[in-house]
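Reading through the structure tokens given below for one structure.
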Amino acid sequence: MRKITGNVKGIIPLILILTFLQVCFPVVGIMSPEEWRMTTPGNFSTLSAEEVDLVAEPFVNNGTYPCLVIILEDRNGSALYTYGLSNRTTNAIPDNHTTFEIGSVSKTFTGLLLADAEIRGILNLSAPIQIYVPNGVTVPTWLGRDITLSDLATHTSALPNVPDDFFRYQNIFDPIETQAESTFRGYEEISADDVYTWLSTLTLERGPGESWEYSNAGTAIAGDIVARTQNKSFSELVDERILRPLGMNNTAAGWRTDLLERSAAGYRGYAPDNDEGMIIRYNEFWSPTAGIISDADDMAVYLALQLGFIDTPDGLLNAVNMSHEPRTVRSTDGVKLWQSLFWDTFETEDNPWTHLKAGETNRFMADIAFVRDKGIGVVVFSNTAYFSDNHVESDVAIPLIKLMLEKR
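One point on numbering: in the UniProt record's numbering, the residue at position 260 of the sequence shown is 260, and numbering is uninterrupted.
Shown next as structure tokens:
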């Protein structure tokens, strides 16, 4: 294990910057993204390094995950822990600038853009998506009930996960692991026009809002709508409204050359030889579902925003708060599980709201989890995928959240 902390360069420049930030961000207790980056790394204090090691190291030592990168945050600051190898061929060790595909954690960016657009009066989450889709597209209804943007963002749209066209990339004579990975090619090759043509011919099997069913197609349509209403591509919009204001310069919707050069190698844990997976370049339409690339430094800032530790000059935190609001009940078995805007939101007696989002591509895993009332959170990256019960959320993120809660 290596614990990485930040270095502050120059006390006088820091004083000048902090003076400026205090003028621009007068709200007590809320920092700017730049202030958070400069003053908090290494200050996380809820857990010791030994306690983190006890959770993470066994999964690297037994080969479950080639590497783990963990960001922990509390009200005192952040800490970064890295384990294993980001590339088994070169024996590279991951650091704060190693990039990973964050998978479906990307959906939380899409939900944030939706909330931001509603606050700014650009769209209405309660409105039928029929008024936002391209001309000539007919959105299916059920007994007069329209699909709304809120339905898309809470996975209650009654749309299936993906169009059947995704399965045309599978060859039944290929090994199972190759068939599983081949399906991901749809995220590169199936276009917005293809999906809207499919949508216009689709017959719903139940009413929107009636029940929960995960839908990547619904997420992609939501992302396309929020970008389309602002005359932007999704990658342009996420950069303009989220990444640049937060200073997340090592994050993008899609692989940039510089990010690819710093990427961990991604492995197929679902294949017998656990070899490297193919790089999937999510196209603009599908990027809202799982197409964002990031590193530990940037996701530490994103986590701080979710925890309410930081804000941007134009008040992005207001949209964050809206995106966290529980909107529909998914399950009442054991603990009550709600769906927020693409966030999984748990309600328990002791900890009113725990927000989580897991991500997995054909070769990477990621997870973000936090309890805002307690001021604690975690982000976890790994460079392997399993498509099974093995996931960094249940193996690493949730155990660390539970440990932190015990200290609170």
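We put the CB at the ideal spot given by N, CA and C, even for glycine.
Do residue i and residue j have their C-beta atoms closer together than 9 Å?
| i | j | result |
| --- | --- | --- |
| Phe370 | Val380 | no |
| Leu68 | Thr82 | yes |
| Ala115 | Met322 | yes |
| Pro134 | Tyr196 | yes |
| Thr203 | Pro140 | yes |
| Ser86 | Pro66 | yes |
| residue 479 | Leu246 | The requested residue 479 is not part of the displayed model; the chain covers only 1 to 408. |
| Ile221 | Ser263 | no |
| Thr46 | Arg408 | yes |
| Gln339 | Thr156 | yes |
| His97 | Asp295 | yes |
| Ala252 | Glu284 | no |
| Pro208 | Asp146 | yes |
| Ala300 | Arg37 | yes |
| Ala56 | Ile70 | yes |
| Ile30 | Phe309 | yes |
| Ser106 | Ala290 | yes |
What three-state label does DSSP hand residue i in the structure shown?
| i | result |
| --- | --- |
| Arg145 | strand |
| Phe167 | helix |
| Gly111 | helix |
| Lys402 | helix |
| Ser263 | strand |
| Phe342 | coil |
| Pro208 | coil |
| Phe173 | coil |
| Glu101 | strand |
| Glu276 | strand |
| Gly252 | Residue identity differs from the one stated: residue 252 is Ala in this sequence, not Gly. Three-state DSSP puts Ala252 in a strand. |
| Val27 | Since pLDDT at Val27 reaches only 38, below the 50 mark, its modelled position is unreliable, and the value read off the structure follows with that caveat. Here Val27 sits in coil by DSSP. |
| Glu181 | helix |
| Glu118 | helix |
| Glu240 | helix |
| Glu284 | coil |
| Glu213 | coil |
| Asp395 | helix |
| Val137 | coil |
| Asp224 | helix |
| Leu159 | coil |
| Gly247 | coil |
| residue 410 | Here the chain covers residues 1 to 408 and nothing more, so residue 410 does not appear. |
| Lys407 | coil |
Across which residues does DSSP place residue i in a beta bridge pair?
| i | result |
| --- | --- |
| Ser382 | Leu68, Met365 |
| Phe370 | His355, Gly377 |
| Ala92 | Asn87 |
| Val128 | Residue identity check: residue 128 is Pro in the sequence provided, not Val. In the DSSP output, where bridge partners are listed per residue, Pro128 has Thr148. |
| Arg268 | Ala385 |
| Glu360 | Met365 |
| Glu347 | Lys336 |
Could you say which of the options lies nearest to residue i if we only look at CA atoms?
| i | options | result |
| --- | --- | --- |
| Ser215 | Asn231, Gly359, Thr154 | Thr154 |
| Val137 | Asp95, Lys407, Asp194, Ser182 | Asp194 |
| Phe342 | Glu349, Leu403, Pro352, Arg327 | Arg327 |
| Ser104 | Lys357, Ile398, Phe346 | Lys357 |
| Gly121 | Arg268, Ala296, Val226 | Val226 |
| Glu360 | Asp389, Lys336, Pro352 | Asp389 |
| Ala180 | Leu149, Arg363, Ser211 | Arg363 |
| Lys232 | Ala117, Arg88, Met404 | Ala117 |
| Asn76 | Lys402, Phe387, Pro399, Gly375 | Gly375 |
| Ala217 | Asn161, Asp174, Pro175, Leu243 | Asn161 |
| Ala366 | His391, Thr348, Trp255 | His391 |
| Thr148 | Pro128, Ser32, Ala56, Phe167 | Pro128 |
| Ala385 | Asp344, Ile102, Phe167 | Ile102 |
| Thr348 | Leu405, Gly315, Thr219 | Leu405 |
| Ser211 | Ser331, Asp350, Leu112 | Ser331 |
| Leu199 | Ile176, Tyr169, Gln170, Gln130 | Gln130 |
| Asp297 | Thr99, Thr90, Val60, Phe44 | Thr99 |
| Leu143 | Phe166, Glu205, Ala271 | Glu205 |
Quick check: does the Cβ of residue i come within less than 8 Å of any heavy atom belonging to the ligand FAD?
| i | result |
| --- | --- |
| Asn231 | Ligands in the displayed structure: none, and consequently the ligand FAD is not present. |
**Request:** Jot down the residue ranges of each uninterrupted beta strand (DSSP E) in the segment 36-88, minimum 3 residues, whole runs only, in chain order.
**Result:** 67-74, 77-84
**Request:** Tell me the start and end of each unbroken beta strand (DSSP E) in the segment 287-340 that is at least 3 residues and wholly inside, in chain order.
**Result:** 292-294, 328-331, 336-339
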